[in-house]
Amino acid sequence: MSHVFHRHLKQRYPTAVGGEGPYLIDAEGRRYLDACGGAAVSCLGHRDGEVIEAVREQVGRLAYAHTSFFTSEPMEALADFLVERAPEGLSSVYFVSGGSEAVEAALKMARQYFLERGEPERRHLIARRQSYHGNTLGALATGGNAWRRRPFEPLLVEVGHVSPCYAYRGQAAGETPEAYGERLAAELEDEIQRLGPETVMAFVAEPVVGATLGAVPAVPGYFKRVREICDRHGILLILDEVMCGMGRTGSLFAAEQEGVAPDLTTIAKGLGAGYQPIGATLVSERIREAIAEGSGFFQHGHTYIGHATACAAALAVQRAIESRDLMARVRWLGDGLQQRLEARFGDHPHVGDIRGRGLFRGLELVADRGDKTPFDPARKLHAAIKRTAMDEGLMCYPMGGTLDGQRGDHILLAPPFILEEFHLDEIVDKLDATL
Ligand code: PMP
């Protein structure tokens, strides 16, 4: 018996022992094409020579320095790199060890910002239904995924949830994308009024929804309207780019494609590409300033924040993406993947929608394409897809539908940026065999 306390205590998993570019290899020598980067993490693939060397070099020099005593060279350099490329106004970076920690830091920073300004009543959050922002208690409370929340209710943070921007299921027949976006904006406004505009501190959303909906971008103009509404009421906009950020959608930050600048942005997965655990919260100047000029101390922290080796790994990853022009490759491969998915599954009786941006694509599975009826979630189709795909030598990221029928099963694809074109065919062939 394995002594690993695994999340799925009733399942057995193969032991991963190696990797090679976009493939993972298990102890029996089986190779799996990593079409989801684990969970949109491994954007450079496995065993990248430059990153390995950067990690080796940093560990050899200085592995760790506690941030209550020091910063470190890689930490400074990574912060500079990110701020130079971040959406306007984001001027400093708080490093953590993963996505949930980045979201927790953003939430506490938003709260502290208003406390420093003498507005303690601003404590409510608004997020969207069927969203995921992490598994720590604050991040869990923020997310609008009923299945994850329910066992732990009542949750510590009070959050109002509004509809996600999810055109496939949300946009009414005959409604334009613009009108749909307006309807969602009106719903957000109503929720702000319900809670009391002076009590709301932030609105949290993923620019392109990853795990919970399967690579769903917003309709054009939606985020601009959200930004306007937040500004009108003095509410902060937190964009969670833990999954969709760091080049995944074809631009370093997904928000660039929406033409909006957030007050706080969270990043993680693709930042270190899995070579080290790292995440970060990017902070706008007005928030940094309010805290700097107020108490001067952010009431938060973990032992491993700003880990020197993790920062060195992330810096090497991000420099590699830039020097190898991988963002252009993401856009090119992403178009190729979308075309292949449409060609193969466009007429599939159980594929309702194929969507996404860059190398972030989703297929929604339905029992009936005509009326978009999802499969009965009790069938646990997603679990069967995951197992079958692994048997086919493919790693993909399937997610189950909701009991209320608000979402079907879907498969998320988020492969490494270093694929060759033939890998796209391999993904589609193996997915076809799986389905
Ligand atoms: N936010 C989003 C949008 C995510 O997709 C995830 C992870 N799936 C998280 C936060 C939490 O990140 P982590 O698992 O690294 O804590």
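Count the sequence shown with the UniProt record's numbering and you get residues 1 to 435, in order.
Every residue gets a Cβ at the ideal spot worked out from N, C-alpha and C, and that includes glycine.
Bear in mind that the values here come from a model prediction, so they are computed numbers and not experimental data.
Original post:
Since arginine 361 sits in a beta bridge, which residues does DSSP pair it with?
Top reply: Gly356, Leu413
**OP:** Please look up how many angstroms separate the CB atoms of leucine 394 and isoleucine 427, rounded, as I've assumed it's under 8 Å.
**Re:** 7 Å
**OP:** May I ask whether a heavy atom of ligand 1 can be found less than 6 Å away from the beta carbon of aspartate 34?
**Re:** no
Subject >> Cutoff 8 Å; reference residue 458; Cβ partners in own chain excluding five residues on either side >> reply: With the chain covering only 1 through 435, there is no way to say anything about residue 458.
Original post:
Can you tell me whether DSSP reads tyrosine 168 as helix, strand or coil?
Top reply: helix
Original post:
Secondary structure at valine 242, three-state DSSP: helix, strand or coil?
Top reply: coil
**OP:** Counting only the same chain and skipping the five closest in sequence on each side, list residues whose C-beta sits under 8 Å from that of glycine 138.
**Re:** Val103, Glu104, Leu107, Lys108, Leu156, Val157
Original post:
By how many angstroms is the C-alpha of leucine 188 removed from the C-alpha of histidine 345?
Top reply: For the record, residue 345 in the displayed sequence is phenylalanine; it is not histidine. Whole-angstrom Cα-Cα distance: 35 Å.
Original post:
Can you check whether the CB of aspartate 432 is closer than 7 Å to the CB of leucine 365?
Top reply: no
**OP:** Indicate the three-state DSSP secondary structure (helix, strand or coil) for isoleucine 126 in the structure shown.
**Re:** strand
**OP:** Please classify isoleucine 267: does DSSP put it in a helix, a strand, or coil?
**Re:** strand
**OP:** For glycine 170, collect the residues of the same chain with a Cβ closer than 8 Å to its Cβ; drop the 5 residues on either side in sequence, then sort them by chain order.
**Re:** Ser163, Pro164, Tyr180, Leu184
Original post:
Who pairs with valine 200 in a beta bridge, going by DSSP?
Top reply: His124
Original post:
Should alanine 211 be counted as a contact of ligand 1 given a C-beta to heavy atom distance under 6 Å?
Top reply: yes
Original post:
For alanine 328, which three-state DSSP category applies?
Top reply: helix
Original post:
Looking only at its own chain, which residues have a Cβ that is under 7 Å from the Cβ of arginine 421, when we skip the five neighbours before and after it?
Top reply: For clarity, residue 421 is glutamate in the given sequence; the question names arginine instead. Closer than 7 Å at Cβ, skipping near neighbours: Gly336.
Subject >> Range of the contiguous alpha helix (DSSP H) that encloses aspartate 190 >> reply: 177-195
Subject >> beta strand (DSSP E) segments (min. 3 residues) lying fully within the region 387-413 >> reply: 397-399, 409-413
Original post:
Could you give the distance in angstroms between the alpha-carbon of serine 323 and the alpha-carbon of tyrosine 32?
Top reply: 28 Å
Original post:
Cα separation between threonine 71 and leucine 115?
Top reply: 27 Å
Subject >> CA nearest to the CA of lysine 430, picked from Arg149, Arg407, Met390, Leu412 >> reply: Met390
**OP:** Look at the alpha carbon of aspartate 325 and the alpha carbon of aspartate 34, and state the distance between them as a whole number of angstroms.
**Re:** 21 Å
Original post:
Candidates Ala312, Leu412, His6: which alpha carbon is nearest glutamate 57's?
Top reply: Ala312
Original post:
Taking 6 Å as the cut-off, does the CB of glycine 37 come closer than this to any heavy atom belonging to ligand 1?
Top reply: no
**OP:** Determine the contact status of glycine 99 and glycine 247, defining contact as a CB-CB distance below 7 Å.
**Re:** no
Original post:
Between the Cα of leucine 236 and the Cα atoms of Gly270, Thr199, Ala110, which residue gives the shortest distance?
Top reply: Ala110
Original post:
Is any heavy atom in ligand 1 found nearer than 6 Å to the beta carbon of glutamate 206?
Top reply: yes
Original post:
Using DSSP with H/G/I as helix, E/B as strand and the rest coil, what is serine 100?
Top reply: helix
**OP:** Evaluate the contact criterion for the region 222-230 versus the region 251-261: three or more CB pairs, one atom per stretch, below 8 Å.
**Re:** yes
Original post:
So, is valine 208 buried or exposed, given that buried needs 16 or more other C-beta atoms within 10 angstroms?
Top reply: buried
Original post:
According to DSSP, is isoleucine 305 helix, strand or coil?
Top reply: coil
Subject >> Option nearest tyrosine 94 by Cα separation, candidates His350, Thr265, Arg331, Arg12 >> reply: Thr265
Original post:
Exposed or buried, which one is valine 17 when buried takes at least 16 other CB atoms within 10 Å?
Top reply: exposed
Original post:
Between which two residues does the beta strand (DSSP E) carrying residue 456 extend?
Top reply: The question about residue 456 has no answer, for the chain in this structure spans 1 to 435.
Subject >> DSSP state of residue 459 mapped onto helix, strand, coil >> reply: One cannot answer for residue 459 here, as it falls past the ends of the chain, which runs 1 to 435.
**OP:** Return yes when at least one heavy atom of ligand 1 lies under 6 Å from the C-beta of valine 242, else no.
**Re:** yes
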